[in-house]
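*Asks:* Numbering (my numbering), first residue to last: 5 to 231.
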Amino acid sequence: MTTLKDFIQWNEDKWETKNQDMYIQTKNQNTWPWFSKELDPDVIDFIGTDKITSTKILDLGTCSGAQAIALAKMGFDVVGTDVSTTALNQAIEQAKDLPTETKLEFLIDDILETKLASGQFDVIIDRGCFHSICCISTKKYIANLKKLLKPSGKILLKTMSLQEQRFVSYDNFAGQQIPMPYRFDEEILKSIFSDHFTIEKIENSFFYSSVIKPPAQAILTVLSKKI
Ligand SMILES: C[S@@+](CC[C@H](N)C(=O)[O-])C[C@H]1O[C@@H](n2cnc3c(N)ncnc32)[C@H](O)[C@@H]1O
Numbered sequence: 005m006t007t008l009k010d011f012i013q014w015n016e017d018k019w020e021t022k023n024q025d026m027y028i029q030t031k032n033q034n035t036w037p038w039f040s041k042e043l044d045p046d047v048i049d050f051i052g053t054d055k056i057t058s059t060k061i062l063d064l065g066t067c068s069g070a071q072a073i074a075l076a077k078m079g080f081d082v083v084g085t086d087v088s089t090t091a092l093n094q095a096i097e098q099a100k101d102l103p104t105e106t107k108l109e110f111l112i113d114d115i116l117e118t119k120l121a122s123g124q125f126d127v128i129i130d131r132g133c134f135h136s137i138c139c140i141s142t143k144k145y146i147a148n149l150k151k152l153l154k155p156s157g158k159i160l161l162k163t164m165s166l167q168e169q170r171f172v173s174y175d176n177f178a179g180q181q182i183p184m185p186y187r188f189d190e191e192i193l194k195s196i197f198s199d200h201f202t203i204e205k206i207e208n209s210f211f212y213s214s215v216i217k218p219p220a221q222a223i224l225t226v227l228s229k230k231i
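Here you go:
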């Protein structure tokens with residue numbers, strides 16, 4: 005019988021291999037379809053610019069760190085986490101010339117069994133991580149987001165939309181074919197999150213990308229802790 009632990013280990017190994025293959029094939033360029041060095045316009049709208057220096061942000065599933073680096077360059081205090089050592093080494097390399105006062109840290113951490121300290125983040129940005137791990141455990145994911153977020157914190161979640169017809173692929177685990185990534189509509193997202201968080205916003209969006217045009221259709225969900 006496969007356990008949650010097996011599933012978590014499979015996901016970590018899978019992403020390490022996927023990221024390693026991608027960087028080898030592309031001579032260290034990130035060519036995942038969602039990749040963008042710029043921040044998405046709706047991400048900028050959401051975080052605002054009024055409390056930059058006092059806002060601590062987790063960029064969950066940071067991959068090669070482009071979003072975390074862009075946020076840190078704006079002055080935010082940023083932690084980027086990922087399960088893939090290869091991806092994080094890329095992130096560290098990309099960030100090496102930033103001024104020393106930049107508040108940016110990259111850490112290996114699996115959100116399904118996070119070792120990060122509780123209650124430290126004002127904002128958690130998940131741009132394309134949840135849609136690849138929701139098959140493993142939505143329960144652990146939700147519990148750990150709640151644990152890491154400050155009481156007044158907010159989550160910005162970007163997931164692939166059901167309306168997007170490209171990027172259909174499957175991963176195989178223990179004889180199961182797992183859609184990768186999962187696709188969502190408003191109803192599915194509400195059914196997963198509405199018992200646990202207040203849904204402040206849910207709307208159609210894109211994974212704005214410097215790799216593919218037109219960009220992949222996404223759904224942007226903004227969540228806050230229920231009081
Ligand atoms: C779609 S990519 C997201 C890239 C990045 N957020 C961006 O916007 O460019 C998904 C990333 O999530 C990471 N990941 C997968 N499972 C994870 C987990 N359980 N915890 C943390 N990161 C995970 C993968 O290694 C991969 O780099």
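For every residue, glycine included, the Cβ atom is placed at its ideal position computed from N, Cα and C. Owing to the predicted nature of the structure, the values given are computational and were not obtained by experimental measurement.
(1) By DSSP's criteria, Q221 is part of a beta bridge. Which residues make up the other side?
(2) If you follow the alpha helix (DSSP H) that E117 is in, where does it begin and where does it stop?
(3) For G65, write down the residues that DSSP places opposite it in a beta bridge.
(4) Count the CB pairs spanning the region 163–181 and the region 214–226 that are closer than 8 Å, and state whether there are at least three.
(5) From D199 to E190, what distance separates their C-alpha atoms?
(6) Would you mind sorting M5 into buried or exposed? The rule is 16 or more other CB atoms within 10 Å of its CB.
(7) By Cβ distance, which residues of its chain are closer than 8 Å to S214, with the 5 residues on each side in sequence left out?
(8) Between which two residues does the alpha helix (DSSP H) harbouring S156 extend?
(9) Ligand 1 heavy atoms versus the CB of T57: any closer than 7 Å?
(10) Quick one: Cα of T57 to Cα of K100, how far?
(11) Taking Cβ to Cβ, would you say F157 is nearer than 8 Å to F125?
(12) DSSP state of F39, grouped into three classes?
(13) Measure how close the beta-carbons of E177 and W14 come, nearest whole angstrom, since I'm counting them as under 8 Å.
(14) Taking only three categories from DSSP, how would you classify I3?
(15) Which partner residues does R131 have in the DSSP bridge list?
(16) Could you pull the DSSP bridge partners for E109 from this structure?
(17) Helix or strand or just coil, what does DSSP make of L149?
(18) Within 7 Å: the Cβ of A95 and any heavy atom of ligand 1?
(19) Taking P103 as the reference, give the member of K77, D81 and E117 with the closest Cα.
(20) Where do the ends of the alpha helix (DSSP H) carrying P45 lie?
*Replies:* So, to answer that:
(1) Here residue 221 corresponds to residue number 217 of the sequence shown, with the count starting at 1. In the DSSP output, where bridge partners are listed per residue, Q221 has F210.
(2) Mapped onto the sequence shown, residue 117 falls at position 113. It is not in any alpha helix (DSSP H) - E117 carries neither H nor E in the DSSP assignment.
(3) Counting from one through the sequence shown, the residue named residue 65 turns up at place 61. DSSP lists no partner for G65.
(4) Touching, yes, given that three or more Cβ pairs across the two stretches are closer than 8 Å.
(5) Position 195 of the sequence shown, counting from 1, holds the residue named residue 199. Position 186 of the sequence shown, counting from 1, holds the residue named residue 190. If I take the Cα positions, the gap works out to 14 Å.
(6) On the sequence shown, position 1 is the one that residue 5 refers to. Exposed, since its Cβ has fewer than 16 Cβ neighbours within 10 Å.
(7) Residue 214 sits at position 210 when you count from the first residue of the sequence shown. Correct list, in chain order: F39, S40, K41 and E42.
(8) Locating residue 156 in the sequence shown gives position 152, where the first residue counts as 1. Here S156 belongs to no alpha helix (DSSP H); instead the beta strand (DSSP E) covers L153 to M164.
(9) For the purposes of this step, residue 57 is identified with residue 53 of the sequence shown, where counting begins at 1. For T57, the distance from the CB to the nearest heavy atom of ligand 1 is not below 7 Å.
(10) Position 53 of the sequence shown, counted from the first residue, corresponds to residue 57. Position 96 of the sequence shown, counted from the first residue, corresponds to residue 100. Distance between the alpha carbons of T57 and K100 is about 21 Å.
(11) On the sequence shown, residue 157 is found 153 positions in, with the first residue counted as 1. On the sequence shown, residue 125 is found 121 positions in, with the first residue counted as 1. The amino acid at residue 157 is misidentified as Phe; the sequence shows Gly. Yes; because the gap between Cβ atoms is below 8 Å, this pair is in contact.
(12) As a first step, residue 39 is located in the sequence shown; it is residue number 35 there, counting from the start. When secondary structure is reduced to three states using DSSP, F39 falls in the coil class, being assigned neither helix nor strand.
(13) Position 173 of the sequence shown, counted from the first residue, corresponds to residue 177. Position 10 of the sequence shown, counted from the first residue, corresponds to residue 14. The residue you asked about is not Glu; residue 177 is Phe in the sequence shown. With a Cβ gap of about 5 Å, F177 and W14 count as contacting.
(14) Any answer about residue 3 is impossible in this case: the structure gives the chain only from 5 up to 231.
(15) The sequence position of residue 131 within the sequence shown is 127, counting from 1. For R131, which the question treats as bridged, DSSP gives the partners K162.
(16) As a working note, residue 109 is residue 105 in the sequence shown. The bridge partners DSSP lists for E109 are V83.
(17) The sequence position of residue 149 within the sequence shown is 145, counting from 1. It is helical.
(18) One-based indexing of the sequence shown puts residue 95 at position 91. At a threshold of 7 Å, A95 does not count as near ligand 1, since its beta carbon sits no closer than that to any of the ligand's heavy atoms.
(19) Walking along the sequence shown from the start, residue 103 turns up at place 99. Taking only the C-alpha atoms, the option nearest P103 is K77.
(20) Numbered from 1 along the sequence shown, position 41 holds the residue referred to as residue 45. Bounds of the alpha helix (DSSP H) holding P45 are P45 to I51.
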